[in-house]
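Engineer: Provided herewith is a single structure, encoded as structure tokens, for subsequent inquiry.
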Ligand code: ZN
Ligand code: MN
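Numbering (this note's numbering), first residue to last: 32 to 536.
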């Protein structure tokens, strides 16, 4: 806990002296209806300890049974990551004590994962703007169960230190997880933070496309742990690694890698040594602090789970599941770019903002691609940035964006009024139509009202009116502004301009 005032090396100096090696472990919570080894429901947000049974509470004599849907999800994820699928594999007990794990072991997989030896080509932005890919090699994707959740009450941080007492909710205990582990990622150099973020973003996109999880980082249904170590430049000998746990946004993945690189470099270059430990990421301060000393695999005393039969998926089933895979993300991007008519730059910004699926759904709901892009990369990205969230966690759905744009297309709203509808949507004021009605936002197209407002503006600005009469049409902007002000932005600006020019012709 002494890490509050660590001096960091600059990122530039870090790279002059060291090469980073990354390792990413991503846990994906599957959205099966029932748990991994029992029939308990998995719905998020239920009353604590209402979705439990003897099996997921680890009571004596309870016998687990494997959830076929979870195995199916694991195989589909494995195939989508270009992995081999085991003919035969087993579960193993990973033994350790933690209060939110009632059995005192986690049922996981050890040396016999269901999927192994895969890869994913991660799309990056090239130096010259050309798309570039970086291959991340996948070591394994294995099945396991989630733990319960501990809530530390009292104390300022919500962490165990300083808490008065702790509560445990076992609803999450036994929910199926797939853990996806990369091989050490070398050679990314200064792009290591970017590669880490892009990998998690693309993996998340893939998981969503597979339909196996809602993959919400903010709700913990996809969680990334970031392993990092440094090797002296030009050396192959990796230093001690640290594992930064549960980094819960894409932006944080990038920041956490960058921070740990600079921290390791500072410690190593001053002659210190890195402790093998887990680290906690602090979103607010942008630093990591010491967690617990990390065990090596042998400390867990893994052994094959005696209460479960091995999993031996038939080759026919695996091939059948291969047939259900979604379109390859790289091909899909190329197809959408052609369909939407986006430039390379527009497409790159779209992917970079994590807006591809959002725009796809908005277009599917009837919006023109450029209009969909404008809302998500402009207005929504700005709002997400201001509140420190991802655009898909803002609370505005693609269908709502499409409904707002339909009102713009129909001439009911202009862009400025549409922004107020988004304010209303985020404040939970109902559907776009309801918000337009309740807030009185529709554009005034009543000619009488427009004409009267134009007359007021002319009367109040005689000098400007004279200029227009003398042929200085550019001066009309000032009168349009005055009319818009009187009509609280709710006038059709093009029609106002026409009226001004007619009246002063
Ligand atoms: Zn249960
Ligand atoms: Mn795990």
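Note that the Cβ used here is the ideal one computed from N, Cα and C, for glycine as well.
Mapping the DSSP letters down to three states, classify residue 432 as helix, strand or coil.
Structural biologist: Here residue 432 is taken as the residue at index 401 of the chain shown, counted from 1. Residue 432 falls in the helix class under three-state DSSP.
Engineer: Can you tell me whether residue 149 is helix, strand or coil according to DSSP?
Structural biologist: Residue 149 sits at position 118 when you count from the first residue of the chain shown. Residue 149 falls in the strand class under three-state DSSP.
Engineer: Since residue 447 is in the beta strand (DSSP E), which residue starts that stretch and which ends it?
Structural biologist: Residue 447 sits at position 416 when you count from the first residue of the chain shown. Premise fails: residue 447 lies in the alpha helix (DSSP H), 446-457, not in any beta strand (DSSP E).
Engineer: Given the structure, does residue 358 come close to ligand 2, in the sense that its CB is under 6 Å from one of the ligand's heavy atoms?
Structural biologist: Within the chain shown, residue 358 is the residue found at index 327, counting from 1. Result no, Cβ not under 6 Å from ligand 2.
Engineer: Taking only heavy atoms of ligand 1 into account, decide whether any of them is closer than 6 Å to the Cβ of residue 81.
Structural biologist: For this step, residue 81 is matched to residue 50 along the chain shown. Because no heavy atom of ligand 1 lies under 6 Å away, the Cβ of residue 81 does not count as near it: no.
Engineer: In chain order, what residues of the same chain lie with their CB nearer than 6 Å to the CB of residue 449, ignoring the 5 residues before and after it?
Structural biologist: Numbered from its first residue, the chain shown carries residue 449 at position 418. These residues qualify, in order along the chain: 435, 439.
Engineer: Let me check you understand the geometry: is the CB of residue 210 closer than 6 Å to at least one non-hydrogen atom of ligand 2?
Structural biologist: On the chain shown, residue 210 is found 179 positions in, with the first residue counted as 1. Yes.
Engineer: Taking the alpha-carbon positions, what's the residue 125 to residue 273 distance?
Structural biologist: Position 94 of the chain shown, counted from the first residue, corresponds to residue 125. Position 242 of the chain shown, counted from the first residue, corresponds to residue 273. Distance between the alpha carbons of residue 125 and residue 273 is about 20 Å.
Engineer: Starting from the Cα of residue 532, find the closest Cα among 518, 300, 500 and give me that residue.
Structural biologist: Here residue 532 refers to the residue found at position 501 when the chain shown is read from its first residue. It is 500 whose Cα lies nearest to the Cα of residue 532.
Engineer: Should the region 207-227 be called in touch with the region 168-179, which here means at least 3 C-beta pairs below 8 Å?
Structural biologist: Touching, yes.
Engineer: Helix, strand or coil: how does DSSP classify residue 45 here?
Structural biologist: Here the question's residue 45 lines up with position 14 in the chain shown. Residue 45: helix per DSSP, three-state reduction.
Engineer: Do residue 52 and residue 269 have their beta-carbon atoms positioned less than 7 Å apart in this structure?
Structural biologist: Position 238 of the chain shown, counted from the first residue, corresponds to residue 269. Position 21 of the chain shown, counted from the first residue, corresponds to residue 52. In contact: residue 269 and residue 52 (Cβ atoms closer than 7 Å).
Engineer: Could you check where the beta strand (DSSP E) with residue 213 kicks off and where it finishes?
Structural biologist: Position 182 of the chain shown, counted from the first residue, corresponds to residue 213. Per DSSP, residue 213 belongs to the beta strand (DSSP E) from 207-213.
Engineer: What did DSSP end up calling residue 518 once you bin it into helix, strand or coil?
Structural biologist: Translated into positions along the chain shown, residue 518 becomes position 487. Note: residue 518 maps to coil in three-state DSSP.
Engineer: Along the beta strand (DSSP E) that carries residue 137, what are the first and last residues, could you check?
Structural biologist: On the chain shown, position 106 is the one that residue 137 refers to. Unbroken beta strand (DSSP E) run through residue 137: 136-139.
Engineer: Measure the alpha-carbon distance for residue 189 versus residue 231 and round it to whole angstroms.
Structural biologist: Position 158 of the chain shown holds residue 189. Position 200 of the chain shown holds residue 231. In a straight line, the C-alpha of residue 189 is about 26 Å away from that of residue 231.
Engineer: Quick check: does the Cβ of residue 73 come within less than 6 Å of any heavy atom belonging to ligand 1?
Structural biologist: Working through the chain shown from its first residue, we reach residue 73 at position 42. Residue 73 Cβ: outside cutoff for every heavy atom of ligand 1.
Engineer: Please work out which residues of its chain come closer than 6 Å, Cβ to Cβ, to residue 538, disregarding the five sequence neighbours upstream and downstream, and give them in chain order.
Structural biologist: Outside the displayed span of the chain (32 to 536) sits residue 538, for which this structure offers no information.
Engineer: Alpha carbon to alpha carbon, how far is residue 50 from residue 265? Give it in angstroms, no decimals.
Structural biologist: What you label residue 265 is simply residue 234 of the chain shown in a count that begins at 1. What you label residue 50 is simply residue 19 of the chain shown in a count that begins at 1. Distance between the alpha carbons of residue 265 and residue 50: 8 Å.
Engineer: Please list the segments of the alpha helix (DSSP H) lying wholly inside the region 359-438, counting only runs of 4 or more residues, in order along the chain.
Structural biologist: Listed in chain order, the complete alpha helix (DSSP H) runs (minimum 4 residues) inside the region 359-438 are 360-371, 375-383, 387-395, 400-405, 412-418.
Engineer: If we ignore side chains and look at the alpha-carbon of each, how far apart do residue 305 and residue 227 end up?
Structural biologist: Looking up residue 305 in the chain shown gives position 274. Looking up residue 227 in the chain shown gives position 196. The alpha-carbon atoms of residue 305 and residue 227 are separated by roughly 21 Å.
Engineer: Using CA coordinates, which residue listed in 84, 291, 218, 390 is at the minimum distance from residue 267?
Structural biologist: Walking along the chain shown from the start, residue 267 turns up at place 236. Nearest option by C-alpha distance: 218.
Engineer: Does the beta-carbon distance from residue 54 to residue 113 come in below 7 Å?
Structural biologist: Residue 54 sits at position 23 when you count from the first residue of the chain shown. Residue 113 sits at position 82 when you count from the first residue of the chain shown. No, the pair does not count as a contact, with Cβ atoms beyond the cut-off.
Engineer: What does DSSP give as the partner residues of residue 165 in its beta bridges?
Structural biologist: In the chain shown, the residue the question calls residue 165 occupies position 134. Per DSSP, 153.
Engineer: I need the boundaries of the alpha helix (DSSP H) containing residue 295, first residue and last residue.
Structural biologist: Counting from 1 along the chain shown, the entry for residue 295 is found at position 264. Residues 281-300.
Engineer: Kindly indicate which three-state DSSP category residue 527 falls into: helix, strand or coil?
Structural biologist: Position 496 of the chain shown, counting from 1, holds the residue named residue 527. Helix, per DSSP.
Engineer: Could you tell me whether any non-hydrogen atom of ligand 1 is closer than 6 Å to the CB of residue 63?
Structural biologist: Taking the first residue of the chain shown as position 1, residue 63 is located at position 32. Checking the Cβ of residue 63 against ligand 1 gives no.
Engineer: In the DSSP assignment, what are the bridge partners of residue 262?
Structural biologist: Here residue 262 is taken as the residue at index 231 of the chain shown, counted from 1. Bridge partners of residue 262: 50.
Engineer: Spell out a yes or no on whether the region 238-246 and the region 165-172 are touching, meaning 3 or more CB-CB pairs, one atom from each, closer than 8 Å.
Structural biologist: Result no; under three Cβ-Cβ pairs closer than 8 Å.
Engineer: Check whether the Cβ of residue 86 sits closer than 6 Å to any heavy atom of ligand 1, and report yes or no.
Structural biologist: Start at 1 with the first residue of the chain shown, and residue 86 comes out as number 55. Correct: residue 86 has its Cβ closer than 6 Å to ligand 1.
Engineer: Can you tell me the Cβ-Cβ gap for residue 45 and residue 293, rounded? I've got them flagged as a contact below 8 Å.
Structural biologist: The sequence position of residue 45 within the chain shown is 14, counting from 1. The sequence position of residue 293 within the chain shown is 262, counting from 1. With 8 Å as the limit, residue 45 and residue 293 qualify as a contact, their Cβ atoms being about 5 Å apart.
Engineer: Quick check on DSSP: helix, strand or coil for residue 31?
Structural biologist: In the structure displayed, the chain extends from 32 to 536; residue 31 sits before or after that span and is not available.
Engineer: Ends of the alpha helix (DSSP H) at residue 322?
Structural biologist: In the chain shown, residue 322 corresponds to position 291, counting from 1. Segment 318-324 is the beta strand (DSSP E) holding residue 322; no alpha helix (DSSP H) there.
Engineer: Looking only at C-alpha atoms, which of 248, 475, 447, 229 sits nearest to residue 409?
Structural biologist: Start at 1 with the first residue of the chain shown, and residue 409 comes out as number 378. Measuring from the Cα of residue 409, the nearest candidate turns out to be 447.
Engineer: For residue 117 versus residue 139, is the C-beta distance shorter than 7 Å?
Structural biologist: Translated into the one-based positions of the chain shown, residue 117 becomes position 86. Translated into the one-based positions of the chain shown, residue 139 becomes position 108. No. Outside cutoff.
Engineer: Use the C-beta contact count for residue 73: other C-beta atoms within 10 angstroms, 16 or more gives buried, fewer gives exposed.
Structural biologist: As a working mapping, residue 73 is identified with position 42 in the chain shown. Flag for residue 73 reads buried.
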